[in-house]
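Chains as they are written, first to last, in our numbering: chain R, 1418 to 1880; chain U, 2 to 199.
Just so you know, even glycine gets a beta-carbon here, dropped at the ideal spot from N, CA and C.
Just so you know, these numbers come straight off a predicted model, no measurement behind them.
These notes are about the structure you will find just below.
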Amino acid sequence: MGKTLFEKVWERHVVHKVSPSTDLLYIDKHLIHEVTSPQAFSGIEKRGLKVFRPENTVATADHNVPTKDQHLPIREALSRKQVEKLSENCKNHGIELYGLGHPYQGIVHVIGPELGITQPGMTIVCGDSHTSTHGAFGSIAFGIGTSEVEQVFATQCLLQKKPKTMRIKVDGELKKGVLSKDIILYIISKISSSGGTGYFVEYAGSAIESLSMEARMTICNMSIEMGARGGMIAPDETTFEYIQGKEFAPKGENFEKAVADWSQLKSDPDAEFDSEYVFDAADIEPMITYGTNPGMGIKLNELVPAESDLNDENARKSLAKSLNYMGLHQGEKLIGKPVNYVFIGSCTNSRIEDLRLVANYVKGKKKADNITALFIPGSKQVELQAKEEGIDKIFSEAGFELREPGCSACLGMNEDKVPEGEYCVSTSNRNFEGRQGPGARTLLASPLTAAATAINGYISVAE
Amino acid sequence: MQKISIIKSTAVPLPEDNVDTDQIIPARFLKATSREGFGDNLFRDWRYNSDGSPKEDFVLNNDKFQGEILVAGKNFGSGSSREHAAWALYDYGFKVVISSFFADIFKSNALNNGLLPVQVSEQFLNKIFKELEKDPGTIITVDLPEQKVSVDSIGLSESFEISDYKKKCLINGFDDIDYILTLKNEIIDFEKQRVKFS
Ligand code: SF4
């Protein structure tokens, strides 16, 4: 029997078989940030250890940084202390840090790919669940907890139970105005926010193959939102072209060799998956969420579901609770609903293509008066590129401000928050209660839907 | 890590599905650089109003329910990988979480911190909820060596799964790093032949 892409990459990294289901896995790249690493550093220090392979480790500060005046000391004391602790730890352990002020700083899942750190066939981990983003390159990438960060620090390995495999195919041609964010919100609405638990997903099919690398990243990014540990896409010409010339990508002859190897990384035609879904691209339309988990999504022109549509008692209870939190009603139409906040950013949608798309849409238009919009680029490099392309000007003419990079209102850890009770159309990945600030009500959507909403001041489909 | 073996305790019911880690511990409380003290903010926004006063209808504010066992709806611990969620539950005083389904990362985080996730059938879970509703003093026994959870008062029990390796770790209070360090030479050998291009 043939092997899946996942199995091929996994097997390359098995250092030791611990039991039939559990392996000791070698980790090629360990990405770290300020929030989930300090306890892991103190953990290894308590054991009298140093980071075993600092050269496999890269650090940035992203979760807890301000998105204004990054050249000044962080005002909030606890945040400042956490970011300083990261610098101190990296220095003590010889780890490369792209901290505040560094031209490579940015959201950890944005900088890995843009610097060529992320490559096909690798194992990549980070103390952050959206590490699945890097799977877009055909790597096994997944989020870990702080004890596991400590494990990787100490040994460059992880004990892992091998997950089951799932393939999700999207075939056919996408309708105009449908973005990769819509594809993944659609998939999650079908599979549910826990339907992928225990699985590692491979996305395939002609609609997926037609996507750019950045669009593929958006899809893999949200794998965790259906419970899957990660998602991956077989590397192809689009992948190789993207990687070529990036700062830390293999160069010259090494690149040729790498491409020859990476080209082998695909599921064999007779490979079997533990679970498989097939979707038709033509069925997908711009999506939006109405509830408090990412599985609660509908097409923009559909109505919020009613309890009578559901046959499971717990699902009815969850719906009622979510709608109560969101201040929405069963059967309500979302298009046309006034919204005061729009957030364009996060590791899901803050790359240059996202900014270009939004700029293209808002060019020559003005935001609605009621709208407060946050535009947070994913990295310093994205910010610079946007300025070079004049995107910052287009934004300011439309009444928006392009800030400095970080996670920002995606998780509401810094001061960028959505106030209690307010609706926010957001390009991020989680609509959990309070995610964007206590009492904030998040509606997840694509950058295009967010842009159209910002211009109109109410939930809108981009023409 | 503290050892776990048999836990016999009253329990706290939280019959909600999809309790995500942002609810267990909101991001704004993740600024600490140590592992301690997160219990104070466990379920912060469900537990307290914005002025800091307790929300009367939340179960942790209900004196009737106490104990080392949290019983929660399905898909517990979804969302963010923050281990702070496991630390907060443990710091608050929970030793066991019972649910019919756990999110993957939460489950490993819990196991790595001596917090035992016990997965039971939905039916069994619903029976526990009913029993706790009838009698908040209901004692639940979680026997890790036997991999069995039981409610003695109604003669109900079910077995649960855990890998042999993790079970050994929890019973002995060992963690993964102690074990992996014994394989250091294999790791170094592996590195000599691993696929690498830059
Ligand atoms: S942008 Fe949001 S989802 Fe992405 S790493 Fe930051 S906090 Fe996590």
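Buried or exposed by the 16-neighbour rule on C-beta atoms within 10 Å, applied to residue i
i, result
"LEU1801(R)", "exposed"
"ILE1585(R)", "buried"
"GLY1753(R)", "exposed"
"ALA1869(R)", "buried"
"GLU1658(R)", "exposed"
"PRO1455(R)", "buried"
"THR183(U)", "exposed"
"SER1549(R)", "buried"
"ASN1741(R)", "exposed"
"ILE1660(R)", "buried"
"GLU1565(R)", "buried"
"GLN1853(R)", "buried"
"ARG1492(R)", "exposed"
"PRO1722(R)", "buried"
"LYS1434(R)", "exposed"
"HIS1526(R)", "buried"
"GLU123(U)", "exposed"
"ILE189(U)", "exposed"
"ARG29(U)", "buried"
"ASN42(U)", "buried"
"ALA111(U)", "buried"
"ASP1494(R)", "The identity of residue 1494(R) in the sequence shown is Ala, whereas the question assumes Asp. When all chains shown are included, ALA1494(R) counts as exposed."
"ARG195(U)", "exposed"
CA nearest to the CA of residue i, picked from the options
i, options, result
"GLU1642(R)", "ALA1677(R), LYS1598(R), LEU1772(R) and PRO1703(R)", "LYS1598(R)"
"SER1640(R)", "LEU1442(R), GLU1590(R) and CYS1764(R)", "CYS1764(R)"
"ASN1473(R)", "GLN1456(R), ARG1646(R), ILE1811(R) and PHE1570(R)", "PHE1570(R)"
"GLY1589(R)", "TRP1427(R), GLY1613(R), SER1623(R) and ILE1557(R)", "SER1623(R)"
"THR1618(R)", "LEU1602(R), ARG1497(R), MET1649(R) and THR1844(R)", "Reading the sequence as shown, one finds Val at residue 1618(R) and not Thr. The shortest Cα separation from VAL1618(R) among LEU1602(R), ARG1497(R), MET1649(R) and THR1844(R) belongs to MET1649(R)."
"GLN1573(R)", "THR34(U), LYS185(U), GLY156(U) and LYS65(U)", "LYS185(U)"
"GLY1533(R)", "LYS1425(R), ASP1726(R) and TYR1521(R)", "TYR1521(R)"
"SER1436(R)", "MET1418(R), ILE1449(R), ASN1777(R) and LYS1578(R)", "LYS1578(R)"
"MET1713(R)", "GLU1850(R), ALA1867(R), PHE1792(R) and CYS1543(R)", "GLU1850(R)"
"ASP226(U)", "GLY1552(R), LEU1736(R) and ILE1444(R)", "The requested residue 226(U) does not occur in the structure, where chain U is confined to residues 2 to 199."
"GLY1516(R)", "HIS1510(R), LYS1508(R), ASN1509(R) and SER1504(R)", "SER1504(R)"
"PRO14(U)", "ASN63(U), GLU57(U), SER82(U) and PHE161(U)", "ASN63(U)"
"GLU1814(R)", "LYS1750(R), VAL1779(R), ARG1847(R) and SER1438(R)", "VAL1779(R)"
"ALA1645(R)", "PHE1559(R), PHE1458(R) and HIS1746(R)", "PHE1559(R)"
"SER1606(R)", "MET1634(R), GLY1708(R), ALA1478(R) and GLY1669(R)", "GLY1708(R)"
"GLY1523(R)", "PHE1554(R), ASP1486(R), VAL1482(R) and ARG1497(R)", "VAL1482(R)"
"ILE1561(R)", "HIS1551(R), GLY1544(R) and TRP1679(R)", "GLY1544(R)"
"ILE65(U)", "ILE5(U), PRO137(U) and ASP52(U)", "It is worth fixing the name first, because residue 65(U) is Lys in this sequence and not Ile. That would be PRO137(U), whose Cα lies nearest to the Cα of LYS65(U)."
"VAL143(U)", "PHE130(U), TYR93(U), ASP23(U) and GLU159(U)", "GLU159(U)"
"ARG1497(R)", "HIS85(U), VAL119(U), THR34(U) and GLN3(U)", "THR34(U)"
Beta-carbon proximity check, residue i vs residue j, cutoff 7 Å
i, j, result
"ILE8(U)", "LYS96(U)", "yes"
"LEU1682(R)", "GLY1795(R)", "no"
"LYS1663(R)", "ILE1541(R)", "no"
"ASN1787(R)", "GLY1874(R)", "yes"
"ILE1895(R)", "VAL1587(R)", "What is shown of chain R runs 1418 to 1880, which leaves residue 1895(R) out entirely."
"LEU1448(R)", "VAL1468(R)", "no"
"GLU20(U)", "PHE77(U)", "According to the sequence displayed, residue 20(U) carries Val and not Glu. Yes. Within cutoff."
"PHE59(U)", "ARG48(U)", "yes"
"ALA1688(R)", "LYS1420(R)", "yes"
"TYR91(U)", "ASN114(U)", "yes"
Distance between residue j and residue i (C-alpha atoms, nearest Å)
i, j, result
"GLU1654(R)", "LYS1581(R)", "28 Å"
"ALA87(U)", "ASP1440(R)", "24 Å"
"GLN1637(R)", "PHE1690(R)", "Residue identity check: residue 1637(R) is Cys in the sequence provided, not Gln. Each residue's alpha carbon lies about 18 Å from the other."
"LEU31(U)", "GLY38(U)", "11 Å"
"GLU1770(R)", "ASP1833(R)", "23 Å"
"VAL1842(R)", "THR1453(R)", "27 Å"
"ASP1700(R)", "PRO1836(R)", "35 Å"
"LYS1734(R)", "SER1725(R)", "11 Å"
"GLU69(U)", "GLU1730(R)", "28 Å"
"SER10(U)", "ASP105(U)", "26 Å"
"VAL72(U)", "LYS128(U)", "11 Å"
"TRP1427(R)", "SER199(U)", "20 Å"
"TYR1616(R)", "HIS1488(R)", "42 Å"
"MET1567(R)", "GLU1424(R)", "The sequence given here places Glu at residue 1567(R); Met does not occur at that position. Rounded to whole angstroms, GLU1567(R) to GLU1424(R) spans 25 Å at the Cα level."
"LYS167(U)", "THR1563(R)", "17 Å"
"PHE1760(R)", "ARG1858(R)", "12 Å"
"ILE1876(R)", "THR1844(R)", "13 Å"
Inside the region 89-113 of chain U only - alpha helix (DSSP H) runs reaching at least 4 residues: With a minimum length of 4 residues, the continuous alpha helix (DSSP H) runs that stay inside the region 89-113 of chain U are 105-112.
4 or more residues per run - each alpha helix (DSSP H) lying fully within the region 1445-1486 of chain R: Listed in chain order, the alpha helix (DSSP H) runs fully inside the region 1445-1486 of chain R are 1455-1463, counting runs of at least 4 residues.
Residue ranges of each alpha helix (DSSP H) run of no fewer than 4 residues wholly in the region 1679-1732 of chain R, ordered along the chain? none
Please list the segments of the beta strand (DSSP E) lying wholly inside the region 1419-1448 of chain R, counting only runs of 3 or more residues, in order along the chain. 1431-1434 and 1439-1443
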